[in-house]
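Residue numbers (the UniProt record's numbering): 6 to 309.
We put the CB at the ideal spot given by N, CA and C, even for glycine.
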Ligand code: CP
């Protein structure tokens, strides 16, 4: 695969290879010396046209642990603000002998556009409401680590499915690996095409949680919101918020995930987010190994 634009373009064997490689790097980053010299000859540019904490720092750390040279670019404070185009911006950065571009962009398809117009390797760190492939990979990797396998597991993705690149990439990744997937949320936040992806829809949160082995709780993305009447934040929390009381009333214990950032007290309460049932910080930890694996595998193709 020349780029990592989305999980949609991967096959099961790609995910298996990424996970095997990430297993190795997870072992590496738990050693006293957390670095390997593999990518001393590679330069990577991290281009963030949209805010990020986890993804941005995780990519930078992954690159540094592979010994790559790293440059970081944020649209705010750059010449994008003077009107420079995406293609001009990236071509100028590439002329400084950059080998791989990691990019987050608010527009759906920005990476596919760039892949057609510039000559480099591109990793998608999130494009608008479309895909966030490394998030989905680290999520599945964390399920595999916590529950032994992804195949056969019942995963419900709860919340704002409509605006979520995490949801779409997770659906592709989980289905490829043989998991059963449902989405749960208010009808106004579930896109009509979702069932065509082989995903079940459940609007009753309790029923969804009773069914599931894993619940991946999404943030309501108010910044992308175009809904004026339903749900309000209060309605959302009443109907789709998860607290410890609800989890304790279920027949069996389920695993709680969240991609971050959390709106504490909206989609989950602190007594859930900080409990042993949640693997939220394990997801963040695994993000570094997964991104090391993706970068290493892409860089290996450049070196061939
Ligand atoms: N999960 C995630 O993409 O978080 P950031 O927006 O902080 O990168």
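Reference residue i; option with closest CA among the options
i	options	result
residue 277	247, 225, 208	247
residue 56	148, 144, 79, 189	79
residue 40	62, 294, 306	294
residue 100	11, 63, 49, 70	49
residue 185	194, 200, 192, 196	200
residue 249	281, 241, 105	281
residue 305	148, 126, 259, 116	126
residue 267	53, 58, 30, 37	58
residue 28	12, 82, 297, 114	297
residue 114	102, 96, 136	136
residue 229	211, 33, 291, 111	111
residue 124	132, 138, 36, 105	105
residue 66	289, 244, 90, 25	289
residue 210	269, 244, 71	244
residue 252	204, 275, 69, 87	275
residue 13	75, 202, 42, 144	202
Limits of the unbroken beta strand (DSSP E) element including residue i
i	result
residue 310	The structure shown has nothing for residue 310, since the chain only spans 6 to 309.
residue 50	48–53
residue 110	105–110
residue 163	159–163
Host alpha helix (DSSP H) of residue i (start-end)
i	result
residue 302	285–308
residue 23	17–33
residue 148	138–152
residue 121	115–122
Rounded distance between the beta-carbons of residue j and residue i, thought under 8 Å
i	j	result
residue 271	residue 217	At roughly 20 Å, the Cβ-Cβ gap does not stay under 8 Å, so residue 271 and residue 217 are not in contact.
residue 206	residue 187	7 Å
residue 107	residue 73	The pair is not a contact, with the Cβ atoms about 11 Å apart (cut-off 8 Å).
residue 178	residue 20	7 Å
residue 192	residue 208	6 Å
residue 116	residue 10	5 Å
residue 301	residue 44	7 Å
residue 163	residue 213	7 Å
CA-to-CA distance, residue j to residue i, given in whole angstroms
i	j	result
residue 285	residue 223	12 Å
residue 183	residue 165	23 Å
residue 22	residue 8	15 Å
residue 175	residue 142	8 Å
residue 98	residue 169	29 Å
residue 122	residue 92	7 Å
residue 255	residue 227	30 Å
residue 134	residue 167	8 Å
residue 61	residue 31	18 Å
residue 303	residue 51	15 Å
residue 94	residue 64	20 Å
residue 258	residue 279	15 Å
residue 34	residue 261	25 Å
residue 190	residue 139	24 Å
Any non-hydrogen atom of the ligand FMN closer than 7 Å to residue i Cβ
i	result
residue 11	In terms of ligand content, the structure shown lacks the ligand FMN and carries the ligand CP instead.
Next on the checklist: Ignoring anything shorter than 4 residues, give me the alpha helix (DSSP H) runs that lie fully in the stretch 176–228, in order along the chain.
Outcome noted: 210–216
Checklist entry - Curious, which full-length beta strand (DSSP E) runs of at least 3 residues does the stretch 71–103 contain? => result 74–79
Checklist entry - Residue ranges of each alpha helix (DSSP H) run of no fewer than 4 residues wholly in the stretch 240–283, ordered along the chain? => result 249–253, 275–278
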